[in-house]
Amino acid sequence: MIPPRQIRLDTLVTTKRELALDTLLADDSTFYGDLFPHAVQWHGELYLEDGLHRALRAALQQRTVIHVRVLDLDALMPADPGRPH
Numbered sequence: 360m361i362p363p364r365q366i367r368l369d370t371l372v373t374t375k376r377e378l379a380l381d382t383l384l385a386d387d388s389t390f391y392g393d394l395f396p397h398a399v400q401w402h403g404e405l406y407l408e409d410g411l412h413r414a415l416r417a418a419l420q421q422r423t424v425i426h427v428r429v430l431d432l433d434a435l436m437p438a439d440p441g442r443p444h
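One gets the numbering used here by counting positions in the sequence shown from 1 and adding 359 to each.
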């Protein structure tokens, strides 16, 4: 399992277009799921794969960082000398 680490909210790129208000306001929204949002690091960007509602709740509580499980694909993929950094 990937351990969570602190990530600044302003560094996350969201991937969802819609927000479910009932999920945002639910007290038990993580009851059956992971407590921590999931992100993927790809080409230096952090994409929020799961946890938009958790990230938004944190922002509404004036928090600037959240704990996120990050799958770092940049570290897993071999370096490509032709790819711009």
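Cβ coordinates follow ideal geometry from the N, Cα and C atoms, glycine included.
What's the call for valine 372, buried or exposed, on a 16-neighbour Cβ count within 10 Å?
Valine 372 is exposed by the Cβ-count criterion.
Taking glycine 410 and histidine 397 to be in contact with their CB atoms under 8 Å, please state how far apart those CB atoms are, rounded to whole angstroms.
So it is a contact: roughly 6 Å between Cβ atoms.
Considering just the uninterrupted stretch of the beta strand (DSSP E) at alanine 398, what are its terminal residues?
397 to 401 is the extent of the beta strand (DSSP E) around alanine 398.
So, under 8 Å CB-CB, leucine 380 and alanine 414 are touching, yes? Tell me the CB distance rounded to an integer number of Å.
15 Å between Cβ atoms; not a contact.
Please name the residue in Ala438, Gln421 and Gln400 whose C-alpha comes closest to that of arginine 428.
Of the listed residues, the one whose Cα sits closest to arginine 428 is Gln400.
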